[in-house]
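The block underneath contains the structure these notes are about, expressed in structure tokens.
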Amino acid sequence: MVKKYPAVSDEYQKAVEKCKRKLRGLIAEKNCAPIMLCLAWHSAGTFDWKTKTGGPFGTIRNSTELSHEANNGLDIAVRLLEPIKEQFPILSYADFYQLAGVVSVEVTGGPEIPFHPAPWMHLLSFFCDIGSDHLRDVFGHMGLSDKDIIALSGGHTLGRCHKERSGFEGAWTPNPLIFDNSYFKELLSGEKEDLIQLPSDKALLEDPVFRSFVEKYAADEDAFFHDYAEAHLKLSELGFAETE
1 MVKKYPAVSD
11 EYQKAVEKCK
21 RKLRGLIAEK
31 NCAPIMLCLA
41 WHSAGTFDWK
51 TKTGGPFGTI
61 RNSTELSHEA
71 NNGLDIAVRL
81 LEPIKEQFPI
91 LSYADFYQLA
101 GVVSVEVTGG
111 PEIPFHPAPW
121 MHLLSFFCDI
131 GSDHLRDVFG
141 HMGLSDKDII
151 ALSGGHTLGR
161 CHKERSGFEG
171 AWTPNPLIFD
181 NSYFKELLSG
191 EKEDLIQLPS
201 DKALLEDPVF
211 RSFVEKYAAD
221 EDAFFHDYAE
231 AHLKLSELGF
241 AETE
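Put into structure tokens, the structure is as follows:
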């Protein structure tokens, strides 16, 4: 199967490349890669595979969606990004937010993720207290597989929980500004006083299929990077990239 992407003008593609440079500077200066990645995920995570509604259309900036409990704190990312967005009015918010997610992974040492703009679109919360069945239900409605779920879970190598936003405090890994496979290594090594493991993290070890991917990615960072890039691309294109 081959995905069909919309054609874009040279002007639009040049704006994408210039915007990427601006985003790299902002993310490096503010150390804000984790929250930018979270914004991109949550923007895409509204997609419903059955009804083909929702998806990464940039609507998360609207107050009704942004004020949803699952999006606590993401208003910070929206505000940080707006001065750059104003420099590139040609770019859709859909592309802009997903581009910020791609750049966030790149500048923290993660895999290169293909980016396919969709200029006509001017139109993944990981829950803290759920088990494997609920994870499959939440991500399954987006059409994501078990492998996708675990690979995307590895994105918790970046960032930390904030008490005022989620009720939890702390980072999953010793260096929450580096994208690597340490999330899986820490998960397998057990709880530590200075790091967090949420019920949804522990659920990945309790389910045998999930655990097999955790063990694979802990042992092989290249395999994790490959599968993460694939899952991230799938998530970022929910609802717009047609398959032929």
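Residues 1 to 244 in the numbering used here are what the sequence shown spells out, letter by letter.
Don't be surprised by glycine CBs; every beta carbon is placed ideally from N, CA and C.
The structure presented is a predicted model; accordingly, all values stated were derived computationally and were not measured.
#### Entry: Three-state secondary structure (DSSP) of residue 171
Taking the first residue of the sequence shown as 1, we reach residue 171 at position 171. DSSP places residue 171 in strand when its eight states are reduced to three.
### Query
Is the region 181-194 in contact with the region 81-99, if contact means three or more CB pairs nearer than 8 Å?
no
#### Entry: Residue environment, residue 168, which counts as buried when at least 16 other CB atoms sit within 10 Å
Position 168 of the sequence shown, counted from the start, is the residue given in the question as residue 168. Residue 168 comes out exposed.
### Query
Does the separation of the CB atoms of residue 177 and residue 108 fall below 8 Å?
To locate residue 177, count along the sequence shown from 1; it is residue 177. To locate residue 108, count along the sequence shown from 1; it is residue 108. Going by C-beta atoms, residue 177 is nearer than 8 Å to residue 108.
### Query
In this structure, does DSSP put residue 161 in helix, strand or coil?
For the purposes of this step, residue 161 is taken as the residue at position 161 of the sequence shown. It is a strand residue.
### Query
Does the count of Cβ pairs from the region 25-32 and the region 222-237 closer than 8 Å reach three?
no
### Query
Are the Cβ atoms of residue 23 and residue 84 separated by less than 8 Å?
Locating residue 23 in the sequence shown gives position 23, counting from the first residue. Locating residue 84 in the sequence shown gives position 84, counting from the first residue. The answer is yes: Cβ separation under 8 Å.
### Message
DSSP three-state label for residue 112, please.
### Response
Numbered from 1 along the sequence shown, position 112 holds the residue referred to as residue 112. Of the three classes helix, strand and coil, the one that applies to residue 112 here is coil, per DSSP.
### Query
Counting along the chain, where does the alpha helix (DSSP H) carrying residue 192 start and finish?
Taking the first residue of the sequence shown as 1, we reach residue 192 at position 192. Premise fails: residue 192 is in no alpha helix (DSSP H) and is neither H nor E.
### Message
Measuring straight from C-alpha to C-alpha, what distance separates residue 16 and residue 25?
### Response
Here residue 16 refers to the residue found at position 16 of the sequence shown. Here residue 25 refers to the residue found at position 25 of the sequence shown. For residue 16 and residue 25, the distance between alpha carbons rounds to 14 Å.
### Task
Please classify residue 92: does DSSP put it in a helix, a strand, or coil?
As a first step, residue 92 must be located in the sequence shown, where it is residue number 92. Residue state, collapsed to three classes: coil.
### Query
Do residue 234 and residue 103 have their C-beta atoms within less than 8 Å of each other?
In the sequence shown, the residue the question calls residue 234 occupies position 234. In the sequence shown, the residue the question calls residue 103 occupies position 103. Not a contact, by the Cβ cut-off of 8 Å.
### Task
Using only alpha-carbon positions, find the residue among 172, 180 and 69 that is nearest to residue 218.
Locating residue 218 in the sequence shown gives position 218, counting from the first residue. Nearest option by C-alpha distance: 180.
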